[in-house]
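With the numbering used here, letter number 300 in the sequence shown gets 300, and the count goes up by one each step, no holes. Idealized CB from N, CA, C, for every residue including glycine. Nothing here was measured: the structure is a model prediction, and the numbers come from that model. The structure appears below as C-alpha cells.
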Amino acid sequence: MPSDTIDNLLHESRRFPPDPEFAANAVAGPDLYEDARRDRLAFWANQSRELLHWHKPFTRTLDWSNPPFAKWFNDGELNVAYNCLDRHVLAGNGDRVALHWEGEPGDTRTITYAELTADVKRAANLLTSLGIREGDRVAIYLPMIPEAVVAMLAVARIGAIHSVVFGGFSAESLRSRIDDANAKLVITADGGYRKGSVFPLKPAVDAALADGGTDVRKVLVVRRGGNDVDWVEGRDLWWHEELPQVDADHEAKPFAAEHPLYILYTSGTTGKPKGIVHTSGGYLTQAAYTHKYVFDLHPETDVYWCSADVGWVTGHTYVVYGPLANGATQVLYEGTPEYPKPGRWWELIEKYRVSIFYTAPTAIRSFMKQGRQIPQGRDLSSLRVLGSVGEPINPEAWIWYREVIGGNRTPVVDTWWQTETGAIMISALPGVTTLKPGSAQVPLPGISVDVVSDAGVPVGADEGGLLVITEPWPSMLRGIWGDPERYQETYWSKFGDKYFAGDGARRDKDGDIWLMGRVDDVMNVSGHRLSTAEIESALVAHPFVAEAAVVGASDETTGQAVVAFVIIKRSHRDQAAAVDVNAELRSHVARQIGAIARPRDIYIVEELPKTRSGKIMRRLLRDTAEGRPVGDTTTLADTTVMAIITEKLAGGVASSED
Ligand code: PRX
1 MPSDTIDNLL HESRRFPPDP EFAANAVAGP DLYEDARRDR LAFWANQSRE LLHWHKPFTR
61 TLDWSNPPFA KWFNDGELNV AYNCLDRHVL AGNGDRVALH WEGEPGDTRT ITYAELTADV
121 KRAANLLTSL GIREGDRVAI YLPMIPEAVV AMLAVARIGA IHSVVFGGFS AESLRSRIDD
181 ANAKLVITAD GGYRKGSVFP LKPAVDAALA DGGTDVRKVL VVRRGGNDVD WVEGRDLWWH
241 EELPQVDADH EAKPFAAEHP LYILYTSGTT GKPKGIVHTS GGYLTQAAYT HKYVFDLHPE
301 TDVYWCSADV GWVTGHTYVV YGPLANGATQ VLYEGTPEYP KPGRWWELIE KYRVSIFYTA
361 PTAIRSFMKQ GRQIPQGRDL SSLRVLGSVG EPINPEAWIW YREVIGGNRT PVVDTWWQTE
421 TGAIMISALP GVTTLKPGSA QVPLPGISVD VVSDAGVPVG ADEGGLLVIT EPWPSMLRGI
481 WGDPERYQET YWSKFGDKYF AGDGARRDKD GDIWLMGRVD DVMNVSGHRL STAEIESALV
541 AHPFVAEAAV VGASDETTGQ AVVAFVIIKR SHRDQAAAVD VNAELRSHVA RQIGAIARPR
601 DIYIVEELPK TRSGKIMRRL LRDTAEGRPV GDTTTLADTT VMAIITEKLA GGVASSED
C-alpha cells in the first residue's frame, strides 16, 4: 500500500453514521445480518428464490461434501439470460431503459429491456447457427459497446461459456486465452474509440489466429471503429450482416445451477494466467444480492453506473449480471474519463442523472490531482451512493470522493472482492453501517471471513494477518479451467478448510477489516491484477535480456506501479547500447501482455539480489524502488549486490514514464 496511506490511516478519525432519511428508505436493514446469522444457508436460499427466476426450483442449498468443490442450489435449473432479460419484459418493464450507452465521440444509444432482449435472442440464434452448443467456449474481445453485453448474454442464453478478454490485452495474451479454453468462436470489433482515436482490435485477433492450430472456426466482427480490416473469407463474418438473417425469436432453455457461465483469466503468482470458472445459479444469486443491497438499488428510479470495462470481473458482475438481473437502468460508456477533456465522467453523471456510481481509487486519485473545480462545474446532485473497488482506498481519497463527488451527502462503500469471489464479500451497507474511511469494514450478511496468522490462528484486534474466507459462498469460483490441482493448491492448501485470498488484512477493535495489499507476487496497478512472474517471463523473452525481476512499487496515483530490474546479456550489450533499451523493453512488454503491464521504470543492473538457493529477494528491490533504506540483506548469497544496485539507482539511470 502507498506509504501515504499508512499516514492517512493514522490521521483520519471521522466516522459517518447513516443519514436517518436515507436509512428510512434503504433497501438493507440491520435485520439482514440477523437473518443470515440465524441460518446462513436458509438466508441464501431465500435470497436466491427472491432475486431470481428458477425454471426448476432447487431443493438443496449447498453441497459441500467434497470440499473445496462446492455445489450451490444444485438440483435447480435456470437460464441466466432469461433472468437478466425476458422476465423483466414479462413483468411489464420492457420499456425501462437497460442501457444508456455513450460512445467516446459522443454518439449515443438508448436500449430498453425489450430491445436488449430482442437483440440477445437474435444473437443467440446466430451463435447456434454457427455451430455453438452448450458448453462450447466463445472468446469475446470487444470495446465497451452494447454488443459486448449482448454477446455475453447470448452466449449465456444458449448455455455456452464466455471468456471475455479485455480489449487492452495483446494478441499474444488473447491467443493464450483462446488456446487454454479451446475457444471455437471469437467475437470482436473492427476497433473502438479511445482517447480520441480508433484503436484497432481485429488485427490482434488476426495475429492471434495467424498460425492456425486453434479450434476457432469463425470470427464475428462488430462494426464500430469504421477502420479498414483484413478479411479472412470463410472465417470472418460481420455481425450486422449475419444477425438479420436469423430468427428473431428464441426460447431460453434452463440449465443446471452449476452449469459453467464463464471463464475469466486473472493473474496469479506464476507466469500463466488462471482461467477462473464461475457457474450460474450461485453466481447470479450473489451478483444480484450484492448489487441490490450494497448499492441500495431502487430499480424503478435509480440510474446506476459502474465505470469498469466488461473485460474485468467488475464489468462481468456489476455491469452485466448484477444490474441486469435486478432490472436496473445503467450507463455504459466507451471511452476514457479525459476525452475530449477532463471531466467527461461528471458530464455523463449530470446528463443521465446518475444516482449510483461505482469506480476505482486510482480514478479518484487522478481526479484529485486535476482539482475539484472540474467536478464542481457539474451538477452531481443526483448521486446518492458511491462505491469503490479494486484496491485499498486511502482515507484522503475516500473523503475527497464523498465531499467533492458526493456533495458531502452520499455514503461511500469500499467493496472488497476478487475475480475468484465473483461478487462483493466485504463492504459497508448504505443506510445501515457507520462508515469508516479507509476500511472495507465488515463481511456482508451470509459471508464469513477471518484474519489469521500464518499458522491459521485468528489474530487479535489490530494485529496484521491474512484474510481468509471461512465458509463457502454462492458466487465462489468453482475452479481453474482445466487445472483442478492448481485450484486446490492456490487457495486451499495453506489452511485446508479456509479459502486463502492472498491479501494481508487487519481487524480493528470495532471488528472492521482493513485490507493491506497482496501478500504474494501479485501486483495491483490501477485496481488491475498483474503477476510479477508474467512480466518477468515477457522480459526474458526479449533477445537482450538475461534475467529480470519485477516488483510492484508504491505509486501515488495507481496504487502500485510495475518496476523492473533487468540484466542485459553480455552478448547483446553493444546492440542494447545502440538503442533506447528502456523504451524498447517497455514496448516489448506491452506487445507481449498489454499496455497495462508496461513497466513504469526499468533499471538495468549487473546482478540481482538472490538468496543462496537462488530465489530473487523482491522485498529488497521494492525497498530500493520506493527509495527506502534496504532491509536485511544477510540472507543474500552476495551481500554487496544491493549496495551496488542502490548506488546505481541513485546515479539516476532510471527510465521515466511516457
Ligand atoms: O488485493 C485485493 C484487491 O484486488 C484483488 C483482486 O483483484 P481482481 O481479482 O482483479 O478483482 C478486482 C475487482 C474486484 C484483491 O485480492 N482489492 C479488491 N478490492 C479491494 C482490494 N483491496 C483493498 N480494498 C478493496 N476494496
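Quiz item: So what's residue 382 in DSSP terms, helix, strand or just coil?
Solution: If you number the sequence shown from 1, residue 382 lands on position 382. Residue 382 falls in the coil class under three-state DSSP.
Quiz prompt | Same chain only: Cβ atoms within 8 angstroms of residue 375, ignoring 5 sequence neighbours per side | solution = As a working mapping, residue 375 is identified with position 375 in the sequence shown. Correct list, in chain order: 343, 346, 367, 404 and 405.
Quiz item: Hey, residue 62 and residue 472: beta-carbon distance below 9 angstroms or not?
Solution: The residue given as residue 62 occupies position 62 in the sequence shown. The residue given as residue 472 occupies position 472 in the sequence shown. Contact: yes.
Quiz item: Could you give the residue range of the beta strand (DSSP E) that holds residue 263?
Solution: Locating residue 263 in the sequence shown gives position 263, counting from the first residue. 260–266 is the extent of the beta strand (DSSP E) around residue 263.
Quiz item: To which residues of the same chain is residue 15 closer than 8 angstroms at the C-beta, ignoring the five residues directly before and after it?
Solution: Translated into the one-based positions of the sequence shown, residue 15 becomes position 15. Closer than 8 angstroms at the Cβ level, and outside the excluded window around residue 15, lie 434, 435 and 436.
Quiz item: Under the criterion of a Cβ to heavy atom distance below 8 angstroms, does residue 242 qualify as lining the ligand PRX?
Solution: Position 242 of the sequence shown, counting from 1, holds the residue named residue 242. Not under cutoff, so the answer is no.
Quiz item: Terminal residues of the continuous alpha helix (DSSP H) containing residue 468?
Solution: Start at 1 with the first residue of the sequence shown, and residue 468 comes out as number 468. From DSSP, residue 468 is part of no alpha helix (DSSP H) but of the beta strand (DSSP E) over 464–469.
Practice problem: For residue 170, I'd like the list of residues in its chain whose CB is within less than 8 angstroms of its CB, leaving aside the five on either flank, ordered along the chain. | Solution: Indexing the sequence shown from 1 puts residue 170 at position 170. Counting only Cβ-Cβ distances below 8 angstroms, and skipping sequence neighbours, we find 204, 590, 591, 592, 593 and 594.
Exercise. Kindly list the residues whose CB is nearer than 7 angstroms to the CB of residue 546, restricted to its own chain and excluding five residues on each side of it in sequence; keep chain order.
Key: Working through the sequence shown from its first residue, we reach residue 546 at position 546. Cβ neighbours of residue 546 beyond the five flanking positions: 567, 568 and 569.
Exercise. Please list, in chain order, all residues of the same chain as residue 539 whose beta carbon is under 7 angstroms from its beta carbon, the five residues on each side excluded.
Key: In the sequence shown, the residue the question calls residue 539 occupies position 539. Contacts found: 545, 548, 564, 566, 585 and 589.
Exercise. Would you tell me roughly how many angstroms separate the C-alpha atoms of residue 285 and residue 202, rounded to the nearest one?
Key: What you label residue 285 is simply residue 285 of the sequence shown in a count that begins at 1. What you label residue 202 is simply residue 202 of the sequence shown in a count that begins at 1. Roughly 35 angstroms between the two C-alpha positions.
Exercise. Can you grab the Cα-Cα spacing for the pair residue 521 / residue 460, in whole Å?
Key: Taking the sequence shown and counting its residues from 1, one reaches residue 521 at position 521. Taking the sequence shown and counting its residues from 1, one reaches residue 460 at position 460. Going from the Cα of residue 521 to the Cα of residue 460 covers about 26 angstroms.
Exercise. Tell me whether the beta-carbon of residue 441 lies closer than 9 angstroms to the beta-carbon of residue 428.
Key: Counting from 1 along the sequence shown, the entry for residue 441 is found at position 441. Counting from 1 along the sequence shown, the entry for residue 428 is found at position 428. In this structure, residue 428 lies closer than 9 angstroms to residue 441 by Cβ.
Quiz item: Taking buried to mean at least 16 other C-beta atoms within 10 Å of its own C-beta, is residue 240 buried or exposed?
Solution: By one-based count along the sequence shown, residue 240 stands at place 240. Burial call: exposed.
Quiz prompt | Complete beta strand (DSSP E) runs within the segment 207–231 (minimum length 3 residues, chain order) | solution = 218–222
Exercise. Pull up the CB-CB distance for residue 382 and residue 354, whole angstroms please, since I reckon it's below 8 angstroms.
Key: Counting from one through the sequence shown, the residue named residue 382 turns up at place 382. Counting from one through the sequence shown, the residue named residue 354 turns up at place 354. Going by Cβ atoms, the distance from residue 382 to residue 354 rounds to 6 angstroms, so yes, they are a contact pair.
Quiz item: Applying the criterion that 16 or more other CB atoms from any shown protein chain within 10 Å of the CB defines a buried residue, is residue 577 buried or exposed?
Solution: Here residue 577 refers to the residue found at position 577 of the sequence shown. Classification for residue 577: exposed.
Quiz prompt | For residue 136, the nearest candidate out of 112, 217 and 213 (CA to CA) | solution = Here residue 136 refers to the residue found at position 136 of the sequence shown. If we check each option's Cα against that of residue 136, 217 comes out closest.
Quiz item: For the ligand PRX, is there a heavy atom less than 8 angstroms away from the beta-carbon of residue 517?
Solution: For this step, residue 517 is matched to residue 517 along the sequence shown. Because some heavy atom of the ligand PRX lies under 8 angstroms away, the Cβ of residue 517 counts as near it: yes.
Quiz item: So, residue 153 versus residue 186, is the Cβ gap smaller than 9 angstroms?
Solution: What you label residue 153 is simply residue 153 of the sequence shown in a count that begins at 1. What you label residue 186 is simply residue 186 of the sequence shown in a count that begins at 1. No, the pair does not count as a contact, with Cβ atoms beyond the cut-off.
Quiz prompt | Whether residue 358 touches residue 439 by CB criterion (9 angstroms) | solution = As a position in the sequence shown, residue 358 is number 358, starting the count at 1. As a position in the sequence shown, residue 439 is number 439, starting the count at 1. Taking 9 angstroms as the Cβ cut-off, residue 358 and residue 439 do not qualify as a contacting pair.
Exercise. Throw me the rounded Cβ distance for the residue 356 and residue 384 pair, which I believe falls under 8 angstroms.
Key: If you number the sequence shown from 1, residue 356 lands on position 356. If you number the sequence shown from 1, residue 384 lands on position 384. Yes, residue 356 and residue 384 are in contact; Cβ-Cβ is about 7 angstroms, under 8 angstroms.
Practice problem: Please determine, among 159, 534, 480 and 467, the residue with the shortest C-alpha to C-alpha distance to residue 506. | Solution: Locating residue 506 in the sequence shown gives position 506, where the first residue counts as 1. That would be 467, whose Cα lies nearest to the Cα of residue 506.
Self-check item: Any alpha helix (DSSP H) of 4 or more consecutive residues that is wholly inside the segment 10–77
Solution: 20–25, 31–38 and 40–51
Quiz item: Once you ignore the five residues that flank residue 330 on each side, which residues in its own chain have a CB closer than 8 angstroms to its CB?
Solution: Position 330 of the sequence shown holds residue 330. Excluding residues within five positions, the ones whose Cβ falls inside 8 angstroms are 98, 99, 100, 303, 304, 305, 306, 319 and 323.
Quiz prompt | Continuous beta strand (DSSP E) stretch holding residue 235: start and end | solution = Numbered from its first residue, the sequence shown carries residue 235 at position 235. Segment: none, residue 235 is in no beta strand (DSSP E) and carries neither H nor E.
Practice problem: Compute the distance between the beta-carbons of residue 139 and residue 183, then report whether it is under 9 angstroms. | Solution: Working through the sequence shown from its first residue, we reach residue 139 at position 139. Working through the sequence shown from its first residue, we reach residue 183 at position 183. Yes.
Quiz item: In chain order, what residues of the same chain lie with their CB nearer than 6 angstroms to the CB of residue 555, ignoring the 5 residues before and after it?
Solution: As a working mapping, residue 555 is identified with position 555 in the sequence shown. Closer than 6 angstroms at the Cβ level, and outside the excluded window around residue 555, lie 561.
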